[in-house]
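Remarks on the structure that follows.
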Amino acid sequence: MSLVPYKDQLLPVEKVFRDPVHDYIHVQHQVILDLIGSREFQRLRRIKQLGTALFTFHGAEHSRFTHSLGVYEIARRICDKFTRNFATVTPGDGGWDDSERLVVLCAALLHDMGHGPYSHTFERIFETDHEAFTAEIITSEETEVNRILRQVSYDFPEKVASVIQKTYPNPQVVQLISSQIDADRMDYLLRDAYFTGVNYGTFDLTRILRVIRPYKEGISFQVSGMHAVEDYIVSRYQMYMQVYFHPVSRGMEVILNHLLKRAKELYLDPDYKFQHSVASLIPFFENKVTLKDYLKLDDGTLTTYFTKWREENDSVLSDLAGRFLDRHPFKSVSFNLDTDLEIIEKMKALITAAGYDTDYYTALNNSYDLPYDFYRPKTVNTRTQIELVQADGSFIELSKASDIVAAITGKARGDERFYFPKEILAPLAQQTEVNLFESIFEEFTHYINNGAITEPKNN
Ligand code: NI
């Protein structure tokens, strides 16, 4: 690490990282290279980007590290383009001020720093918050990332954190990192499509980078590029429906959730003694997590615990660990929250009668996304709408120009599913209470095949 304060010092020769999505990632600043080399950033190599989705799409082994580099590269290309074509002349003219470049690049690179293994599931059980950890990694004096950022200027870490927290004063900078069409989303859609092997999620990034432009209130797009923006919105919608909300990945997520919940309850039970140490997880079980504890966890650490838990005396813990490691997702049916809850209760009673604890062997799980929305000042989560610049310089909001986008604007899409062990659908040969189980099986199947409950999808 350089000892001389580097401010925005450029490397004598740029460095490149080969990337399957963007071809090359170009690094021109010493500070970016040092951040990539930091201990906390290297940890992202050990956190998978899509969590349990890889149990459905086996190619999805890519990490938060590779996604973060991709977001950086898109942000860098946008800064280059803005500097070439839309540089500010007088302050406040809506042009791009390239002295913002370094804060944009650092925020792009570091925006996911606080993610842990299987973030969303993990956060629910242990009440951690990856966004709060992202800010802490950047601003805490304990981290290498913070030491590197402070060499730019004393208040630089806070500036970078405020971009990610959307409180930075320049809206162009904030919207490049988080808005309905930002460098983060553009990278993850392309990257997740590439690694899952699906054909959804692809859109014309080159074209979008041609038509993107700054204006006084943020980022806009030339109306001539409307179809590329439209395609991006539709791609995002399709990725959510086909990949991110896949029922089988959620079936694995449910197992992971119940496995961690069981481990926590056993730890808090004074009568249970774990055969193997659970040292790194104790701060999480006790809800006293420091940054240092948090940074020790990654996918590998957790998987090691799961292999140990498989040998534990508690039958629920060992069974759930086995189901997770061997990929035995729970099955599911989609249901209507307004009309089907009674049937769900009946199905749960059958599952209990078959000998399962429904706290660990069933779950209600929903996934919803709002593909796009225009700015609604009275809602809780207002969104920065996508603006298109017309030939006369006036702006038109995307859903007013695109019929395709209008069709999905403001509509949450997703479903509610009821999860249960797969074997309830077919009696097992080794089941001792065969008769009981068979009648349960028949009644259970009857609920699935009749009424509002729909047949579970095969995978
Ligand atoms: Ni991200």
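Residue numbering for the sequence shown follows this note's numbering, beginning at 643 and increasing consecutively. All C-beta atoms in this analysis are idealised placements derived from N, C-alpha and C, irrespective of residue type, glycine included.
Query	Result
Is ASP826 near ligand 1, judged by its Cβ being under 7 Å from some heavy atom?	yes
Does the Cβ of LEU818 have 16 or more other Cβ atoms within 10 Å, making it buried, or fewer, making it exposed?	buried
Measure the CB-CB distance between VAL794 and LEU744 and report whether it falls below 8 Å.	yes
Does any heavy atom of ligand 1 sit closer than 7 Å to the C-beta of VAL931?	no
Excluding the 5 residues flanking ALA1043 on each side, which residues of the same chain have their C-beta closer than 6 Å to its C-beta?	MET868, LEU1030
On the three-state DSSP scale, how would you describe ASP980?	coil
To the nearest angstrom, report how far apart ASN841 and GLU895 are at their CA atoms.	24 Å
Please list, in chain order, all residues of the same chain as LEU959 whose beta carbon is under 8 Å from its beta carbon, the five residues on each side excluded.	LEU901, ARG904, ALA905, LEU908, TRP951
Going by C-alpha distance, which of ILE779, ASN978, THR730, VAL853 is nearest GLN864?	VAL853
At what residues does the alpha helix (DSSP H) containing SER804 begin and finish?	798-806
Between the C-alpha atoms of THR848 and ASN727, what's the straight-line distance to the nearest angstrom?	16 Å
Shorter than 7 Å, the distance from the beta carbon of VAL713 to the closest heavy atom of ligand 1, or not?	yes
Report the option in ASN929, ALA777, PHE1016, ASP829 whose CA atom is closest to the CA atom of SER804.	ALA777
In whole angstroms, what separates the C-alpha of ILE767 from that of GLN880?	29 Å
Any chance the stretch 779-792 sits against the stretch 676-685, with 3 or more Cβ pairs inside 8 Å?	yes
Taking 7 Å as the cut-off, is the C-beta of HIS664 nearer than that to any heavy atom in ligand 1?	no
Compute every distance between the C-beta of TYR998 and the non-hydrogen atoms of ligand 1, then say whether any falls below 7 Å.	no
Starting from the Cα of TYR666, find the closest Cα among LYS690, HIS704, GLU715 and give me that residue.	GLU715
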